[in-house]
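The structure appears right after this line, and notes come after that.
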Amino acid sequence: MSEEIPEEKKEYDTTIIYDYADYPDIVSGRCDNCGKAQFESSVKNYVYIRKCRECGMKKSI
Ligand SMILES: [Zn+2]
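The sequence shown begins at 1 in UniProt numbering and counts up one residue at a time.
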């Protein structure tokens, strides 16, 4: 008998927008998900959205 324990992996959902207040950058100016530092930025409803060019993770700042 074997029990499968799901591996705990830190993955971010790219379909939602994370709030910087709740998810501050692990490394400042870099994506928490992939570590890349290239972003696209946009403003939505007066909120600045930073989107990673690599993985698409979004964060409101
Ligand atoms: Zn990324």
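Just so you know, even glycine gets a beta-carbon here, dropped at the ideal spot from N, CA and C.
query                                                                                                        : result
Outcome for R53 when other beta-carbon atoms lying within 10 angstroms are tallied against a minimum of 16   : exposed
Burial state of Y46 (16 or more Cβ within 10 Å)                                                              : exposed
Ranges of the beta strand (DSSP E) found wholly within the region 26 to 51, counting only runs of at least 3 : 39 to 44
Environment of K59 [buried if 16+ CB atoms lie within 10 Å]                                                  : buried
Closer than 6 Å: E11 CB and nearest ligand 1 heavy atom                                                      : no
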